[in-house]
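Student: So the mapping is simple: our numbering equals the position in the sequence shown, first residue as 1, plus 34. All C-beta atoms, glycine included, are put in the ideal place defined by N, C-alpha and C.
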Amino acid sequence: MNIRFYVHLMVGALFYYFSTTTYAARVLVHLSQPINAAELAQLDIQGRIIHNLHPLPWLVLETTTPRRALRTDVAGTAKKWLAQPDVQGHFAATRNPLTIPNDPHYAEQWHLTEIGVQSLWEKTQGEGVIIALLDSGVDPEHPDLLGNILFDYGYDFGDEDDKPDDANGHGTAMAGLMVAKCDNKIGGCGVAPLAKVIPYKINSQGENNFSSIDLAVAILAAAGSDAQIISMSLVLDEYAPWVEHALEYAKLKNKVVVAAAGNQNGAVAFPAYLSWVIGVGAFDKEGQRLHSSNFGNGLSLSAPGVDLLTTLPGTGYANWYNGTSAAAALVSGVLALMMAQQPNASASELAVTLLAACQDVEPAGFDDLYGFGHVKATRPQVSTNNEPSLNFAPTNAQVIYPGDMLQLELAFNNV
Numbered sequence: 035m036n037i038r039f040y041v042h043l044m045v046g047a048l049f050y051y052f053s054t055t056t057y058a059a060r061v062l063v064h065l066s067q068p069i070n071a072a073e074l075a076q077l078d079i080q081g082r083i084i085h086n087l088h089p090l091p092w093l094v095l096e097t098t099t100p101r102r103a104l105r106t107d108v109a110g111t112a113k114k115w116l117a118q119p120d121v122q123g124h125f126a127a128t129r130n131p132l133t134i135p136n137d138p139h140y141a142e143q144w145h146l147t148e149i150g151v152q153s154l155w156e157k158t159q160g161e162g163v164i165i166a167l168l169d170s171g172v173d174p175e176h177p178d179l180l181g182n183i184l185f186d187y188g189y190d191f192g193d194e195d196d197k198p199d200d201a202n203g204h205g206t207a208m209a210g211l212m213v214a215k216c217d218n219k220i221g222g223c224g225v226a227p228l229a230k231v232i233p234y235k236i237n238s239q240g241e242n243n244f245s246s247i248d249l250a251v252a253i254l255a256a257a258g259s260d261a262q263i264i265s266m267s268l269v270l271d272e273y274a275p276w277v278e279h280a281l282e283y284a285k286l287k288n289k290v291v292v293a294a295a296g297n298q299n300g301a302v303a304f305p306a307y308l309s310w311v312i313g314v315g316a317f318d319k320e321g322q323r324l325h326s327s328n329f330g331n332g333l334s335l336s337a338p339g340v341d342l343l344t345t346l347p348g349t350g351y352a353n354w355y356n357g358t359s360a361a362a363a364l365v366s367g368v369l370a371l372m373m374a375q376q377p378n379a380s381a382s383e384l385a386v387t388l389l390a391a392c393q394d395v396e397p398a399g400f401d402d403l404y405g406f407g408h409v410k411a412t413r414p415q416v417s418t419n420n421e422p423s424l425n426f427a428p429t430n431a432q433v434i435y436p437g438d439m440l441q442l443e444l445a446f447n448n449v
């Protein structure tokens, strides 16, 4: 039997930066060169292979070998395999023209008016669109989420079972911001109240932290699902190449990927800064950047992120959700509305539609604090005052990368 895995050749010692403590730990081995079954067995001696992140070139090894000593010297070869420790992440929230819906808390949801979802609700409320939520799970029995959570299609990667229940609360809150039912005389409304959510739980039990390995596996599951949007209200504490590889795979599967920029008042966090990921910052009720919202390169746009009312596990609600986690969930909901209107659009086309609809914030165009501006459900109307203005939009919808050429259509007004 031919077993084709891939390894990365190294000249020096592995894990020079690891401690010498002996304990069960998960490490990732990068595979980039064919090896045979005997060589694979030598690797397995160092620990237990618990995941093959196929189609990504990574194996996950659980080992009790002292980290400094972890290596595989295959007899008769000079092969040494690059292995890296797991990376931890955390959820990026801080806890602090239809007729008006009859939901009692609707009036408290300032973000819905700010985004302008009502103008799209006359046409669609997100029906036919599925969002993969990579988070702490969801309470599918919450009365405002009943019917909108595809619980049986989800999975708990943190605890390795098929019940992605939420013992943390973060995931249920994000689901409520996206798809809480509307006009049902309870609670409030989600941005896309007829869209559905597949919950992929990535943390263990009710913890706020999670493993980047579980995140990568969840991304692969979401990429292979019927979901059109992958929503990640989370950040990793550092770069993890296996997560980038998983997100590249999701891009190849034509998924729109949304991630929180982070709440450290610093540079946009990973994975939000990746060029094909929609990185979301947060602003307050006055339209000003939330003081903790990350900024700079990799920020795509900003969304409301202060005092947001949403669902909690059980039957309750909270009106104190803050941060870029919540902002990312709102953007995912807006994308669901846009996708319901353009069911045949590609992921890149939807990203262009989303960014083109943003309300620009000074200075004009992209800026470090807000990206391309405040999220809006529809493109703002052209100015009707007498001041000259210039509007432009891409003539062919695509994601633009550094070095690409872009043809623009210009419109001069009041000149």
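Classify A141 as buried or exposed, calling it buried when 16 or more other Cβ atoms lie within 10 Å of its own Cβ.
Tutor: Classification for A141: exposed.
Student: Have a look at the DSSP bridge pairing and note the partners of L11.
Tutor: Nothing in the structure corresponds to residue 11, since the chain is present only between 35 and 449.
Student: Hey, how far is the Cα of Q262 from the Cα of Y283?
Tutor: Their Cα atoms are separated by approximately 14 Å.
Student: In whole angstroms, what is the alpha-carbon distance linking S336 and D199?
Tutor: Those two C-alpha atoms are separated by around 29 Å.
Student: Among A370, A390 and H139, which one has its Cα closest to the Cα of V291?
Tutor: Out of A370, A390 and H139, A370 has the C-alpha closest to the C-alpha of V291.
Student: Name the one or two DSSP bridge partners that V386 has.
Tutor: Per DSSP, none; premise fails for V386.
Student: What does the alpha-carbon distance come out to for the pair A207 and G224?
Tutor: A207 and G224: Cα-Cα distance of roughly 10 Å.
Student: Whose C-beta lies closer than 7 Å to the C-beta of D193 among residues of the same chain, with five residues either side of it excluded?
Tutor: Around D193: S238 and Q239.
Student: Pick helix, strand or coil for I264, following the three-state DSSP scheme.
Tutor: Residue state, collapsed to three classes: strand.
Student: Does the beta-carbon of A72 have 16 or more other beta-carbons within 10 angstroms, so that it is buried, or is it exposed?
Tutor: A72 is exposed by the Cβ-count criterion.
Student: Determine the DSSP secondary structure at G313, reduced to helix, strand or coil.
Tutor: Of the three classes helix, strand and coil, the one that applies to G313 here is strand, per DSSP.
Student: Can you give me the Cβ contacts of S326 inside the same chain, cut-off strictly under 6 Å, excluding the 5 residues immediately before and after it?
Tutor: Within the same chain, S326 has close Cβ partners N297 and N299.
Student: Please name the residue, chosen from V61, V151, I165 and V63, that lies closest to V409 on a Cα-to-Cα basis.
Tutor: Among V61, V151, I165 and V63, the Cα nearest to that of V409 is on V151.
Student: Taking the alpha carbon of R60 as the reference point, which residue from A316, G330 and Q122 has its own alpha carbon closest?
Tutor: The shortest Cα separation from R60 among A316, G330 and Q122 belongs to Q122.
Student: Jot down the residue ranges of each uninterrupted alpha helix (DSSP H) in the segment 227-300, minimum 4 residues, whole runs only, in chain order.
Tutor: The segment 227-300 contains these whole alpha helix (DSSP H) runs: 246-257 and 275-286.
Student: Would the beta-carbon of P91 fall within 8 Å of that of L62?
Tutor: Not closer than 8 Å, so no.
Student: Kindly confirm or deny that the segment 173-186 and the segment 240-256 touch, where touching means at least three C-beta pairs closer than 8 Å.
Tutor: As far as the Cβ criterion goes, the segment 173-186 does not touch the segment 240-256, which means the pair count is below three.
Student: Identify, in the order they occur along the chain, each residue of the same chain with its Cβ nearer than 7 Å to the Cβ of D271, setting aside the five sequence neighbours on each side.
Tutor: Answer for D271: V121, Q122 and G123, listed in chain order.
Student: Given this structure, state the Cα-to-Cα distance separating L104 from N242, to the nearest angstrom.
Tutor: Confidence is the limiting factor: at L104 the pLDDT is only 47, short of 50, which leaves the residue's position unreliable, though a coordinate-based value still follows. Cα to Cα, L104 sits roughly 29 Å from N242.
Student: Below 8 Å on the Cβ atoms is my contact criterion, and I expect P227 with K219 to pass it. Report the Cβ-Cβ distance as a whole number of Å.
Tutor: P227 to K219, Cβ: 13 Å. No contact.
Student: Are the beta-carbon atoms belonging to A385 and I312 less than 8 Å from one another?
Tutor: For A385 and I312, yes; Cβs fall inside 8 Å.
Student: Taking all protein chains shown into account, do 16 or more other C-beta atoms lie within 10 angstroms of the C-beta of E383, making it buried, or fewer, making it exposed?
Tutor: The residue in question, E383, is buried, as its Cβ has 16 or more Cβ neighbours within 10 Å.
Student: If you reduce the DSSP assignment to three classes, tell me which class I134 lands in.
Tutor: The answer is coil: DSSP assigns I134 none of H, G, I, E or B.
Student: Which residues does DSSP pair with H408 in a beta bridge?
Tutor: Beta-bridge pairing links H408 to S336 and Q393.
Student: Suppose contacts are defined by Cβ-Cβ distances below 8 Å. Is L168 in contact with G367 by that definition?
Tutor: Their beta carbons are not under 8 Å apart, which means L168 does not touch G367 by this criterion.
Student: Tell me, which residues are paired with H124 by DSSP?
Tutor: H124 is bridged to N243 and V269.
Student: Taking 8 Å as the threshold (C-beta atoms), are A361 and G315 in contact?
Tutor: Yes; because the gap between Cβ atoms is below 8 Å, this pair is in contact.
Student: How about A273 and F304: do their beta carbons lie closer than 8 Å?
Tutor: The sequence shown places Tyr at residue 273, rather than the Ala named in the question. Yes, the Cβ-Cβ distance between Y273 and F304 is below 8 Å.
Student: Using DSSP bridges, identify the partner residues of Y140.
Tutor: Partner(s): none; Y140 has no beta bridge.
Student: Could you check which residue in L286, Q375, F400 and E96 has the C-alpha nearest to that of T158?
Tutor: Per the Cα distances, Q375.
Student: Under the rule that 16 or more other beta-carbon atoms within 10 Å means buried, what is W276, buried or exposed?
Tutor: So W276 ends up on the buried side.
Student: For Q118, list the residues DSSP reports as bridge partners.
Tutor: For Q118, which the question treats as bridged, DSSP gives the partners L62.
Student: Given a threshold of 16 other Cβ atoms within 10 Å of its Cβ, counted over all protein chains shown, does G348 qualify as buried or as exposed?
Tutor: Looking at its Cβ environment, which holds fewer than 16 other Cβ atoms inside 10 Å, G348 is exposed.
Student: Taking C-alpha atoms, which residue in I236, V269 and F244 lies nearest to A256?
Tutor: It is I236 whose Cα lies nearest to the Cα of A256.
Student: How would you label H279, buried or exposed, when you count the other beta carbons within 10 angstroms and need 16 or more for buried?
Tutor: The residue is buried, with at least 16 neighbouring Cβ atoms inside 10 Å.
Student: Are there 16 or more other CB atoms within 10 angstroms of the CB of T147, so buried, or fewer, so exposed?
Tutor: Per the 10 Å Cβ criterion, exposed.
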